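Taking the numbering used here, I'd label the letters of the sequence shown as residues 61 to 155.
For glycine and all other residues, C-beta sits at the position ideal for the given N, C-alpha and C.
In this text, all values refer to a predicted model and were calculated from it rather than measured experimentally.
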Amino acid sequence: MEGSPRSISFNEVFSTLRSIEGVEKVHDLRIWSLTMDKIALSVHLAVNNDCNAQELLKNATSTLRRRYNVYESTVQIERFSNDMVQCLRCEPPNP
């Protein structure tokens, strides 16, 4: 890992992932540069019980690749639970 890429906004990626239908919470988002032109990302998405997790995973990874040119991503899907409502890790950092 070489560091955070300047070409990509953490808060924008966070908001994009949160806006995907079925996503209730986003946490443990990490973005870093593999090389000067290759971005890697890992994230956990807490999803509602009604969504198709496989379809949501495809949607999230294709969105990351298309909008942010993410070269490699690891997206973990987990079911949303009530104890996540007040989760501090599920909030974007203050600007």
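Excluding the five sequence neighbours on either side, which residues of its own chain have a C-beta within less than 6 angstroms of the C-beta of Ser133, listed in chain order?
Leu101, Thr121 and Leu124
- Hey, Val83 and Leu105: beta-carbon distance below 7 angstroms or not? yes
Helix, strand or coil: which one does DSSP assign to Ser102? strand
Within the same chain, show all residues whose beta-carbon is closer than 8 angstroms to that of Glu138, passing over the 5 residues directly before and after it, in chain order. His104, Leu105, Ala106 and Val107
Subject >> C-beta contact flag for Ile80 and Asn129 at 7 angstroms >> reply: No, they are not a contact pair.
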